[in-house]
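Comments concern the structure below.
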Amino acid sequence: MSQRTQILFAILILSVGLLMGEEARPTGDPIPLSTPDEFFIAPQWSPDGSQVAASGQSYAGLYVLEFPTGNFTQLSNANSVGYGFSWSHDGQHIAARITRFENMFKTQTLVSFNTIDESITTISDARSRIGGVPRWSSDDAHIYLSKTDSFESFSIDQNDNSSLSESLIYQKSDQLVSRNALRSSDSPLFSTVDRITSYAVSPDGLKIAYSTSGQKLWLVNSDGSDKRALGSGIEPSWSPESEWIVYMLTADDGHDMLGSELYILKVDGNTPINISETPDLLEMHPQWSPDGSWIVFDTSGDGQLFVQQMEWR
Amino acid sequence: MKKLVFLLISVVTINAQVTGLAGWDLFVDPGHSQTENMGVNGYSEAEEVLRTALNLREILLTQTDIDTVWSSRYNDQVEVSLYERTSDANNRGASWYHSVHSNAGAPSNNNVLLLWGMWYDGTPDPPAGGEGMSDIMVELLSDVMRLPSIGSRGDCGFYTWSDYCQNNPTIPYLYVNRNTTMPSELSEQGHHTNPLQNQLFMNEEYTRMMAYSMFWTILDNFGIARPYPGILAGIISDAESGIRINGATVTVNGESYTTDTYESRFNQFSSDPDELHNGFYYFEGLPNTSHEVIVSAEGFYSDTIQVNALSPDFVTYRDFSLTPSTPPFVTNSYPLDGDSTYAAWDILWFDFSRGMDEASVEAAFTISPAMEGGLVFSTDSKRLAFVPADTLEFLTTYSITIGGSAMDTYGHLFDGNQDGVGGDDLVIGFKTSPPDLTAPIITSTYPVEDADRVDLRPIITIVWDEELDPGSFNDDMVKLERIYNLEVQETILQHHVMDNQSVLVLYSENDLLDAEDYRVRIFPGFEDLFGNTQGSGTVVNFTTSNYEYVVTNIENFENNALSNWWEIQQSGSNSGIVTELCNRDISTDITVLSEGSNTSLKLDYGWNPSATSWMIREYLAPGTQPRTVHFTSSRIMQAYVFGDGNGNKFRFCVDDDIYGSGAHEVSPWYDIDWYGWRLVSWDMAHDGTGTWIGDGSLDGQLEFDSIQLSYTPGQPTSGTYYIDNLRVVRREYLALDEQTAGRPTEMALLPNYPNPFNPMTNIPFTLPESAEVQVKIYNLRGEEVAHVFNGYLAQGYHVTRWNASEVSSGLYLIEMQANGISNTRKIMVLK
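Chains U and C, in that order, give the protein sequences.
The numbering of the first sequence is our numbering, which starts it at -5 and goes up by one.
The numbering of the second sequence is our numbering, which starts it at 2 and goes up by one.
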């Protein structure tokens, strides 16, 4: 971790501690992070909150935008590379899948983009399918797949053949499982017949917000206990002090997306607060900034990024 | 029976592993969830496309070396949002995405459509591939379903009524094409709003057959030879009626297939055993040899054909039209046997169960006592009418005989007693009614006598007990007059005949004065069709309202407004309808003439009385101009509804909280038990809501969603409503009406009218200049009993009103005071 990153993390930790127990509310109108003639979707904050990575149209291309200027760098223009990418914890790399189609067959390769020098490192060989989205181990030495049918991890160092030796929670075959690193075995966090459609582990590691089919939103302790319904929503993202989530709730008629709104919710049971009461926009993919001060989101239909400032009191 | 079919399938698949798909996978997306987008006969798009998708998955997994096939859902219970469908495929890194749908539209519409991701300039959305797959699939799906195709279309080139692609020129229109990271397309496999198609979808093997077209599409696209399917399929129908036959049995190679029956399938969608049919049969995995195919069904002659060779790579179709073996009989007649009220001047008719040999029927037809007349056949010789040369004798018993020698077009002898054996007579005895010697009478008026708060521009309806001779009356025989000065108002009179009754509709061309007494005078002289003349006139008195409406128009149904509204059958919320009787159109014949309307919305409805729930949701299409009219629950929603008197139901539906969570709320039901126009008003702040899928609370901003109709059990099952000038209004109260004609030069308390009265009277007065005015009522003991008015008024003529319902009969005094001057006048309450 660079000295600059270490300093930024220290500031983040201090500021996050100040947010504990406070109420979050949006303040002011959303501020455009990109211009109307640019197209970005699915934004994700860098760990230090200084950048936002996003994808382009139909998840083609991968970009990094400076916050708050919106100046951006294109890391890739590949098809579908922008779906399910993941920042490394040190904020220097982004893991993603590159997909190539030829004669209707595809090959997929796991890669890591260096956000500083914009170089690309190939992590896996090209194969017919990378069945899951990449996530980083806590030491950034490995990438593993979540939302997959079987666990698989990849070493960043091509000379390192070690496997990931870290216990973690990931999504396997539509369920959330806990992986025991010592035994290299998975066990379901809890029993459910519902299909998991999105999840987020709280920054303190104690809770998981997740959704199941039909945009049903739930909260469960990270040991699988005390599961309870939070209402309707999908794609939760935690605030840094692990007390609030932001999520989206969409409406469609089977063909078209008719509406999408963003809500924040204190997970101890408060009523959701709509933070996007704009009738003409489809606000999607919200993400709380690492310091809790902003929520970034896209307007899916027309591909613009906005940030909503949050007030804590 | 169907177990045998699947046994055959398993035998074939063991021996038919197709290679060439290793390394490839498919995400198949059965669109919608649960029972969304209900089909016209009660089978939803969501259920039908799920079975197609799962059959495709099963075929691919069992017959090919494909890596895997996922589905966005695997049962009818789970709910999956659009976002979740594409995210699931993207997470898995699927190679291809195919979304399965069926279409909606008018009942007659039924076709196949493929939509692939395309940009505004025609460029295929990368990663490309959906276009090529669609080009193949649209042909195969069309051929398998034997339906016309409207093509393989790039989505931006298809949805040209939307400006989305123009504004976002490098993004495809459809969400599934826009948000998937792999090649994709969406198929529309026929219309679930087409009755025949919806009933075919109910057959499990039919959805498998559609899946085969998608399976073959994939193989063709990869250049892989299709395996031999051994599929024989077709439709079995009644040669006479064309109706598809339930319970027909097809036997091939010693195996049999029985077409769906009410007991096996259709009871899930209808309580009427005769309503649903598909006549579909299906064999798969038949050996590639010559086959004898035997078809039999109760009540029909069986049929046998030889199929020498099945198609090596497609469905082999053989349809059957079976000839009925039952004798013909009469299904309905006028009069019925035993009828004692048959109108002697009417035409007699008989409906046969099938087309008849006309010559044999004419030879077998007799009427006694004898009456000259002509026999006229219609409806493919299924209806026989006897047109008497003259009116039958009144109060006379007649009998009509159709002899057992009459024959149908197949030569079956007529079955007069309907015992299933031909050759016997039908005898219908009836008695004619007395002659009509009664003058027409008025059975109802709207407004009713002494109605209060009548609209300032009223539409007056006069309903008679029988049809009037239109030559017996003219516009001068119905007059609208102001009672105070007998001034005749300008009106338009229209004559409608509904349910054999005349309905006169009188439109006021101008606003009447507020809180003013008027009367409708109906003069004598109206005649019925038999020359009986109404000998006395009728007067209907009413009082106008003391408020006017400030109108915000939602939809006036002018200027090609029909495009704003869905076909009735497009809505998945419908239930209990007879689809072929349901239609929406624009009418130029029946409109609200008093408001200058040229066109109205005409809604024909037909209800299945055997259903358990009934709903028509005439839906206002998204994105249309009327949807831009937003309002709150402080307003009153109104529409003019021209009723058919059937007593069925009508209500409004709005979307509420449109900038928030959004929901649907409805008005209470209104029983349409009237003829002619009525202004239906839903005072949203005070009338409450009905029960549907909302929470009963009208929240936030509202917009109009739909007109909804329903059936009242026991009432007529078909009819027509006309809707005009849909709007929201607010009331603006007018304390007193001010006449503009003539400027009074003195203060005067004018004679009240009516007088005597019970309980309302109008108290007119004039002011030569502006003044503080008080109007009070005293009894003869000098005690004040009412303070009618107290306020500042301008110079002019004014009218105030007193309701004497709280006092007893007797003489009273009006006292009017202004500018220190007092006037009094005696008045009489007579109860």
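Think of the CB as a built atom: it goes at the ideal place given N, C-alpha and C, for glycine as much as any other residue.
The structure displayed is predicted, hence computed values, not measured ones.
Residue-level contact check: C:L83 touches chain U, since one or more beta carbons of chain U fall below 8 Å from its beta carbon. Taken through DSSP and simplified to helix, strand or coil, C:V479 comes out as strand. With the rule of 3 Cβ pairs closer than 8 Å, the region 116 to 124 of chain U does not count as touching the region 65 to 80 of chain U.
Apart from the 5 residues on each side of it in sequence, U:A203 sits with its Cβ closer than 8 Å to the Cβ of Y193, A194, S196, L211, W212, L213, L224, P230, W232, I239, Y241, V261 in its chain, given in chain order. Along the length of the region 640 to 680 of chain C, whole alpha helix (DSSP H) runs at least 4 residues long do not occur. Note on C:Y793: under 16 other CB atoms within 10 angstroms of its CB, so exposed under the neighbour-count rule.
A contact between stretches requires three or more CB pairs, one per stretch, nearer than 8 Å, and the region 811 to 821 of chain C meets this requirement with the region 774 to 786 of chain C.
Here the alpha carbons of U:D292 and U:S270 stand approximately 11 Å from one another.
Among the residues of chain U, those whose CB is under 9 Å from the CB of C:D68 are S122, R123, following chain order. Using a 10 angstroms sphere on the CB of U:Q298, the tally of other CB atoms reaches 16 or more, which defines it as buried. The C-alpha of C:N168 lies about 23 Å from the C-alpha of C:G131. Interface annotation, U:K166: not in contact with chain C, CB-CB separation never under 8 Å. Of the candidates U:A89, U:P20, U:D31, U:A89 places its Cα closest to the Cα of U:Q38. Looking at the DSSP output, C:R154 sits in a beta bridge with C:L116. At least 8 Å separates the CB of C:T260 from every CB of chain U. In this structure, C:V177 and C:T87 form a Cβ contact; the two beta carbons are roughly 6 Å apart against a cut-off of 8 Å.
In terms of Cα proximity to U:Q152, the closest of U:T116, U:S167, U:D217, U:F145 is U:T116. Taking each of C:D30, C:F28, C:E80, C:T69 in turn and checking the Cα distance to C:E37, the smallest one comes out for C:E80. C:Q200 counts as buried, since at least 16 other C-beta atoms from the protein chains shown sit within 10 angstroms of its C-beta. For C:L141, the enclosing alpha helix (DSSP H) stretches over residues 131 to 146. Beta-carbon to beta-carbon, U:L59 and U:N65 are separated by about 7 Å, close enough to satisfy the 8 Å threshold. Counting along the chain, the unbroken alpha helix (DSSP H) around C:M211 starts and ends at 205 to 223.
For the pair C:E46 and C:L116, the CB atoms are not nearer than the 8 Å cut-off. In terms of Cβ geometry, C:A612 and C:S272 form a close pair [threshold 8 Å]. Here C:G235 is buried. Its C-beta has 16 or more other C-beta atoms within 10 Å. Think of a sphere of 9 Å around the beta carbon of C:D674: no beta carbon from chain U falls inside it, the nearest being about 35 Å out. Membership of C:S711 in the beta strand (DSSP E) is indicated by the continuous run 704 to 711.
By the neighbour-count definition (other C-beta atoms within 10 Å, threshold 16), C:T692 is an exposed residue. Cβ-Cβ separation between C:Q35 and C:D77: approximately 6 Å, consistent with a contact (criterion under 8 Å).
Here U:Q152 carries a coil assignment [DSSP, helix/strand/coil]. In the DSSP assignment, C:I463 is bridged to C:T446, C:L505. Distance from the Cα of C:E140 is smallest, within the candidate group C:F159, C:N110, C:D221, C:T181, for C:D221. For the pair C:F431 and C:I403, the Cα-to-Cα distance works out to about 15 Å. For U:N108, the enclosing beta strand (DSSP E) has its first and last residue at 99 to 108.
Under the Cβ criterion of 8 Å, C:L201 is not counted among the residues facing chain U. If you look at C:F202, you'll find it in the alpha helix (DSSP H) that goes 196 to 202.
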